[in-house]
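Asker: The sequence shown begins at 1 in UniProt numbering and counts up one residue at a time.
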Amino acid sequence: MSFRTCWGRVEKFLVAGEQEIIHTKPFFFPVVSAATCTNHHLEVDQRWSIRLAEAREEEMQCIFDDDSSVENRSNLNCDNASLRHALHCQEIFWAQKARVQWINDGDKNTAFYHVVVLGRATLINSVLKSIPVYTAAAISIPKTVVTYIEKACALVVVSLPMKT
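(1) Starting from the C-beta of N75, find all residues in its chain whose C-beta is less than 7 Å away, skip the five residues before and the five after it, and write them out in chain order.
(2) Do you know offhand how far A154's Cα is from T147's?
(3) Buried or exposed for Q46, please, with buried defined as at least 16 other CB atoms from any protein chain shown within 10 angstroms of its CB.
(4) How close, in whole Å, do the beta carbons of D79 and A53 come, if the pair is a contact with beta carbons under 8 Å?
(5) With 16 as the cutoff for other CB atoms within 10 Å, does E150 come out buried or exposed?
(6) Is it right to say E57 is buried, meaning 16 or more other beta carbons lie within 10 angstroms of its own, or is it exposed?
(7) Report the CB separation of I63 from A86 in whole angstroms; it is logged as a contact under 8 Å.
(8) Sorted by chain position, which residues of the same chain lie with C-beta nearer than 6 Å to S82's C-beta, five sequence neighbours on each side aside?
(9) Taking the alpha-carbon positions, what's the A95 to I103 distance?
(10) L55 to W48, Cα distance in whole Å?
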């Protein structure tokens with residue numbers, strides 16, 4: 001089931017798409033508001049079609065169990081295919097709905113996620129001391145940083161003019 005087939009029946013969604021073409025507003029705002037407000041009947045349609053396909057498939061299974069003819073096998077396979085198609089349509093519907101929710105809610109933790117995944121966390125691997133030597137030991141790095149900050153703060157305190 002394509003996106004257009006699924007959402008093409010929703011009038012507010014189509015109007016929001018036309019508004020996007022006409023206006024320069026952000027694209028996803030009207031689309032999200034239209035899609036989240038009006039898709040309840042689509043969800044009900046999906047559930048109803050799955051229940052109907054399941055009932056038909058169960059009925060054909062009983063008929064096939066009683067009479068295992070080629071025609072009944074063909075009908076059972078056809079009903080099985082329609083059930084799989086209905087389940088696939090529901091899966092696509094929920095994927096599209098999740099995408100709309102993702103667009104609506106935004107990616108609140110994406111920056112943090114990418115920093116962690118890409119290994120760009122604020123990790124100090126080595127420190128250049130005042131003499132041109134790198135400190136790479138895990139124990140020495142904090143000491144080096146603390147002494148550097150103490151020296152920098154001492155210079156600032158010394159260089160402040162005295163009020164008289």
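Using N, Cα and C, we set each Cβ at its ideal position, and we do this for glycine too.
Answerer: According to the data block:
(1) To locate residue 75, count along the sequence shown from 1; it is residue 75. Counting only Cβ-Cβ distances below 7 Å, and skipping sequence neighbours, we find M60.
(2) Position 154 of the sequence shown, counted from the first residue, corresponds to residue 154. Position 147 of the sequence shown, counted from the first residue, corresponds to residue 147. So the two alpha carbons sit approximately 10 Å from each other.
(3) Along the sequence shown, one-based indexing puts residue 46 at 46. Buried.
(4) Within the sequence shown, the letter at position 79 stands for residue 79. Within the sequence shown, the letter at position 53 stands for residue 53. Right, their Cβ atoms sit about 7 Å apart.
(5) On the sequence shown, residue 150 is found 150 positions in, with the first residue counted as 1. Its Cβ having fewer than 16 others within 10 Å, E150 is exposed.
(6) Counting from one through the sequence shown, the residue named residue 57 turns up at place 57. Looking at its Cβ environment, which holds 16 or more other Cβ atoms inside 10 Å, E57 is buried.
(7) As a first step, residue 63 must be located in the sequence shown, where it is residue number 63. As a first step, residue 86 must be located in the sequence shown, where it is residue number 86. 20 Å between Cβ atoms; not a contact.
(8) Locating residue 82 in the sequence shown gives position 82, counting from the first residue. Hits under 6 Å: A53.
(9) The residue given as residue 95 occupies position 95 in the sequence shown. The residue given as residue 103 occupies position 103 in the sequence shown. Each residue's Cα considered, the two are about 12 Å apart.
(10) Here residue 55 refers to the residue found at position 55 when the sequence shown is read from its first residue. Here residue 48 refers to the residue found at position 48 when the sequence shown is read from its first residue. The identity of residue 55 in the sequence shown is Ala, whereas the question assumes Leu. Taking the straight line joining both Cα atoms gives about 11 Å.
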